[in-house]
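Here the structure is laid out as structure tokens; the discussion comes afterwards.
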Amino acid sequence: MGFISVYTFKYTIIRLILCSLIGIELLVACNPKGEDRRVLVIHSFEEAYSAYPDFNKMISGQFKKAHINADIKTLYLDCHTYEEQAELDWMYLQLDSLGDWIPEVILVNEDQATYSLLKCGHRLVKETPVVFAGVNYPNWTLIKQFTNVTGFYDAPDYITNIKFIERFFQRKPRVMLLQEETYLDRQIKADLRKQLSTTKIKIYESNIGEPEPPRRTLKQKMEFRAGLDSTVVTIKSFHDTSVGSAGIIWNLGRYVNNSHYLQTKRDYITVNVGNFSYNSSFSAINEAVGYGENLIGGYFTPLHVQVEDEVGAAIQILKGKHPSDMSIQESKKTYVVDWKALRNDNLDVSLLPSDCEILNQPFYERYKALSLWVGSILLMTVVALFAWLIYIYRRETRRKKNALHELKNEKESLALAISGGNIYVWKRVDEYFVIEDAFWKSMGLLPHKFTTEGFLEILSPEHRRTFLKNEYKLHYAGTRMAKYQCNFDGKGYQWWEFRYSITEDAKGELSLLGMMLNIQEVKDREQELIEARELAEKAELKQSFLANMSHEIRTPLNAIVGFSNILAADEALTEEERCDYIDSINRNSDLLLNLVNDILELSRIESGFMTFELVACGVNQIIDENFDTYKVLVPEQLGFLKETLDNDVVVYVDKNRLAQVIGNFVNNAIKFTKSGYIKLGSAYDLDTRQVSIYVEDTGKGIPKEEHQMIFNRFYKQDEFTQGTGLGLSISKVIIDKLGGRIDLYSEPGKGSRFTVILPAMQ
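Residue numbers for the sequence shown, in our numbering: -11 to 750.
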């Protein structure tokens, strides 16, 4: 199962990669090298027609959506301006003017431009694939002459549009059409009669200004005009222009009730009729609906569907499909209305079909529930925000009131405190230091200001540099405190404490405010305490030193005196006993001599009378010499190890004094190590450029709480161990004088490691 799963997974990955490669190859094939595809767009009406900007943008957008770089050129026939032959000539000339720019496909829109393009006889029409759209009445005889033409037509559905009008007004309306005697007009009238022949809708055709047929009775005329028995379609045509204009105005005016204009074409006669009509106007075609001509709408192919159809066909042709393999189809229709026209005529929106497409509908109306929900949320948010602001305002008001009350209390407390002591207020104004008048009154002097130079003169010399440094940092200070010795009255220096802070006023300017306090008495008390403490420490040190000295000296003296008395008084001692006593006397004499020497040496070092002869020495040389010195002294049961540096480093030391310290460490290690080893070694830290010389043992170790005490004078971990207790204390003083330090690492039962750390020479 595991093998099958892995195999299936690998096969799926390979298949996905192959599909991706094929997709990329198809994209490259559709648009090799990514060059622009040349597309010619031809419109029937004038360039100023308000729908064309959106129309052209939709065409360009559809090509971009299909990832096709379309180089689009657009021509406008302006069919209202020309007669038939003039239109054909204009079309021919426009195609001829393209020159070397040869389109790969031609998109032609509406009846007039489609007819003129196919009829003009230009070679491009026969050589270039053509896609027409928005054509209401295709000239099938002409279209069948071309194998390179395909497209989409929008056959008007007059019955559905008339029922759409009836739906709005809940009665049988009078529907008026405006016609002429062109080819397109004849097609419209023939189609209208054919569609309405199966219905009860009446058709009446007359010329504006001509009398109604005399064969109809007055009742028939009244019923006809009022539309009481059925829906009536009136086809109006022009013969006499002056009379016709007046007739149109009359029929579209407010005095002809229930009369509604239905647009079936767009030409110089029908342009803007919707705006002139008092009653609501509708359209059976998509021209001008939603573009300012006050047409409610109708049932037809929307403009965006027309564009999607024709551009989709053009893309197939650009990908290699021939127009002869693409059938001519009828575009999909739907109900379309213009929201603005609906509102202008106060029509009931609820009467619209559920699948109706609404143009120019505001966002609020299109998404009313969402808008209400968002509006409610915003309203509640605003109310909540307003309530929160009121709460914040009231809280801030209370806080300010409390703050003012506290400030008042603090001010009163401060005033009481200041009045009872040598505390004065000062500030800096411009470049001057200003002290309050009460200060000068207490000094018996007249008030005056200080410049920086003037203030320096009253400061003691040792405080002037500190003052200048603090003054330089004034603008960066928050709250600061400084203590200076000042001579304000010429009677001598006194200590003053200055406290100050930098604040910002309402204008954004910095202000320096502070207080000054005479602390001479405090300083006097501090000095007295320091002197008393030093005296006490000296007395304590002397007392401790004498106590330790008496103890350390008494021990060997007792042994010397005791054994000497025995030797002098007891003549019966054997020779062996005499030798033992003499050895004890000599040993304690040596111990007493060492103790005296150590005390004298420590005294000389601390008093500065001992000189240090500093020379440059190699660390490995120091290790080797001391190792050779002490290897004969280490007991045989202990191993004595050595560790030197691979690359020797030089230190600047007194060799003899350093050897004395190393000797103290080794002697202590021998004294407290019964088994294991003692190691004398060194290490070098390249980062800190410091040398470590250490003595490591596996002896009894030192508890952590004694690590600091062990360097004190006369301190011994074991009181019964032989020694003066001054060795480590002397070692610490020597290393301090050499500019180094001693580190101790020790664990009870595991051993100790004493390390001398010295700086290496550069």
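We put the CB at the ideal spot given by N, CA and C, even for glycine.
Under the three-state reduction of DSSP, Lys630 is assigned to strand.
Under the three-state reduction of DSSP output, Glu559 falls in the coil class, being neither helix nor strand.
In the three-state scheme derived from DSSP, where H, G and I count as helix and E and B as strand, Ser312 is classed as helix.
Rounded to whole angstroms, Thr102 and Thr116 show a C-alpha spacing of 14 Å.
Following the DSSP letters along the chain, one finds Val93 inside the beta strand (DSSP E) bounded by residues 93 to 97. Trp327: not part of any beta strand (DSSP E); member of the alpha helix (DSSP H) spanning 327 to 332, first to last residue. Residue state for Ser670 is assigned as strand, using DSSP reduced to three classes. Boundaries of the beta strand (DSSP E) around Lys415: 411 to 417. Minimum Cα-Cα distance from Tyr672 among the listed residues Leu633, Lys692, Val337 corresponds to Leu633. In this chain, Arg645 is not harboured by any beta strand (DSSP E); it is covered by the alpha helix (DSSP H) spanning 643 to 660. Listed in chain order, the beta strand (DSSP E) runs fully inside the stretch 87 to 164 are 93 to 97, 118 to 123, 137 to 141, counting runs of at least 3 residues. Annotation: Ile189 is outside any alpha helix (DSSP H) and is labelled neither H nor E by DSSP. Cβ-Cβ distances below 7 Å link Asn348 to Gly278, Asp326, Trp327, Lys328 in the same chain, with the five nearest sequence neighbours on each side left out; the list follows chain order. Between Asp99 and Leu172 a beta carbon distance of about 6 Å is seen, short of the 8 Å cut, so the two are scored as contacting.
Taking C-beta atoms under 8 Å as the contact rule, Val123 and Tyr141 qualify, at a distance of about 5 Å. By the criterion of at least three beta-carbon pairs nearer than 8 Å, the stretch 47 to 57 is not in contact with the stretch 83 to 90. Cβ-Cβ separation between Thr322 and Asp297: approximately 13 Å, too far for a contact (criterion under 8 Å).
If you ignore the 5 residues before and after Phe615, its C-beta comes within less than 8 Å of the C-beta of Phe628, Lys630, Leu668, all in its own chain and listed in chain order.
Under a 10 Å Cβ-count criterion, Asp636 is classified as exposed, with fewer than 16 other Cβ atoms of the shown protein chains found around its own Cβ.
Here the stretch 739 to 749 makes contact with the stretch 713 to 727; the two share three or more CB pairs at distances below 8 Å. Runs of alpha helix (DSSP H) with 4 or more residues, each lying fully within the stretch 416 to 503, are found at 425 to 431, 440 to 446, 449 to 460, listed in chain order. Sixteen is the threshold: since fewer than 16 other Cβ atoms of the shown chains lie within 10 Å of the Cβ of Asn334, the residue is exposed. Taking the Cα positions, Thr186 is about 22 Å away from Tyr249.
Here Phe615 carries a helix assignment [DSSP, helix/strand/coil].
Note: Phe742 is bridge-paired with Val683, Leu732 in the DSSP secondary-structure output. Measuring C-alpha to C-alpha distances from Asn136 to each of Ser680, Arg155, Ile94 identifies Ile94 as the nearest. When the alpha-carbon of Glu693 is set against those of Leu732, Ile303, Lys662, Phe660, the nearest one is in Leu732.
Excluding the 5 residues flanking it on each side, Ala604 has same chain C-beta neighbours closer than 7 Å at Val638, Tyr640, Met749, in chain order. Apart from sequence neighbours up to five positions away, the residues of its chain that approach Leu106 with a beta-carbon distance below 8 Å are Val113, Val118, Asn127, Leu130, Ile131, Gln133, Phe134, Val137, ordered along the chain. Apart from sequence neighbours up to five positions away, the residues of its chain that approach Tyr352 with a beta-carbon distance below 7 Å are Ser359, ordered along the chain. Here Arg155 has Leu339 as same chain residues with Cβ atoms under 7 Å from its own Cβ, once five neighbours each way along the sequence are excluded. The alpha carbon of Tyr256 has as its nearest neighbour, out of Asn656, Thr170, Ile47, the alpha carbon of Thr170.
Comparing alpha carbon positions, the residue from Thr62, Leu63, Val27 closest to Glu92 is Val27.
Leu602 sits in coil when the DSSP states are folded into three classes, being neither helix nor strand. Between Ile150 and Pro144, the alpha-carbon positions lie close to 11 Å from each other. For Ala470, same chain residues with a beta-carbon under 6 Å away, outside a window of 5 residues either side, are Asn458, Phe486 in chain order.
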